[in-house]
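Take 2 as the starting number for the sequence shown in this note's numbering and just add one per residue. Glycine included, each C-beta is placed from N, C-alpha and C at the ideal position. What follows is one structure encoded as structure tokens, with my remarks underneath.
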Amino acid sequence: MPNQEIFVDVPLFNEQEETEQPQPKLVAFGRYVKTEQYDLFGDYNLDDLTDEQKQWMNAGKLQGIIFDPPNDAPLVVDKIALNPYEYNLVVRSPYHLGKFATARSLNDKDLSDEVVSTGKRAAEHAFEQKQEGMTGHLDKLKDRRFDIRELKKEIKTPGFAHKSPERMQHLAGVVWGEFITILDVAHVQRGWDDNTRKEAETALINHLTTGNQRDRISKWYQMTELAENYISGRIVLFSNRIKAVKRELDK
């Protein structure tokens, strides 16, 4: 029987292994972006907002606050508005930092070689401290941007389930944290009192959680893109200042 087909009863996969190693549950951003499915915002009450306040926060308005603020605006370096922590951390003028540190350690009436050397060491120490602080912060900014970009990819393909619920929760938390940073900067730039700052946060929550699914996804994308642009601007700022400090140390 030369034409007879022969079938061998070999399983296509190990049924026992399949049972013992179930695939992890994955979620898509489009199904995840529902108020009841993530616990990012803490306690809030949208009913506390007026109709006017509900239209208050969006990516366009916030972008106008943090990028290219007026020349006399507070806490601004290279036309980027910063929060107080980053403003105090970044070296705004490496040249003046060195001069200030040297002057503090020198006595105009005593300019012996030993004293001058002490002044130089004081400047170097000031630079090294700033260098260490800025470098550590820059690494954290880069890590956060990596997560922001990862979530942005999920928002661009909202119907595809790529992430575990835990990973999606983490990414959304990182992005929300950057939204909070932006609000804190707006707080300073606009001179809000604490109550207005709280209302602004509630207004942003309203912006992200209302409307149909397509609307919510679009709002999250716009805000996440703003967060990516803002953190990228600060990465460039800190990178440039670290290089400038290194040049001063190498003199």
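Could you check the C-alpha separation between residue i and residue j for me, to the nearest Å?
i	j	result
Leu139	Ser94	18 Å
Gln170	Asp251	44 Å
Val34	Phe180	16 Å
Glu53	Glu151	33 Å
Ile218	Gly192	31 Å
Leu83	Glu229	15 Å
Gly234	Phe68	9 Å
Asp148	Ala173	9 Å
Asn213	Ile206	15 Å
Trp177	Glu200	16 Å
Arg242	Lys26	44 Å
Val92	Lys244	11 Å
Phe14	Pro166	Here Phe14 scores only 45 on pLDDT, less than 50, and its place in the model is too uncertain to base an answer on.
Ser240	Lys143	11 Å
Asp185	Thr210	20 Å
Met224	Ile236	18 Å
Pro85	Asp195	16 Å
Arg32	Asn72	43 Å
Asp40	Glu202	15 Å
Leaving aside the five residues before and after residue i along the sequence, list all residues of the same chain whose C-beta is less than 7 Å from its C-beta, in chain order.
i	result
Leu90	Gly134, Met135 and His138
Asn59	His208
Ala204	Leu50, Gln54, Lys55, Trp57 and Met58
Thr197	none
So, residue i versus residue j, is the Cβ gap smaller than 8 Å?
i	j	result
Ala162	Ile66	no
Lys131	Val246	yes
Val28	Lys157	no
Phe30	Pro159	yes
Ile183	Leu47	no
Arg145	Ile232	yes
Glu254	Phe128	Beyond the ends of the chain as shown, which are 2 and 252, falls residue 254; an answer cannot be given.
Asp79	Leu238	yes
Looking at the strands, I want to know which residues DSSP matches up with residue i.
i	result
Phe68	Ile81
Ala29	Ala162
Is residue i helix, strand or coil by DSSP?
i	result
Tyr231	helix
Gly43	coil
Ser240	helix
Leu152	helix
Arg93	coil
Leu142	helix
Val34	coil
Asp52	helix
Gly178	helix
Gly1	Any answer about residue 1 is impossible in this case: the structure gives the chain only from 2 up to 252.
Thr211	coil
For residue i, which residues from the same chain have a beta carbon less than 6 Å from its beta carbon, with the 5 sequence-adjacent residues on both sides left out?
i	result
Val77	Pro70
Tyr88	Leu76
Less than 8 Å between C-beta atoms, sequence neighbours within five positions excluded: which residues of the same chain meet that for residue i?
i	result
Ser113	Legend: pLDDT at Ser113 = 46, less than 50; position of this residue unreliable, value from coordinates given subsequently. Nothing listed; no residue qualifies.
Ala74	Ala82 and Gln190
Val175	Arg145, Asp148, Ile149 and Leu152
Tyr222	Lys153, Ile156 and Lys157
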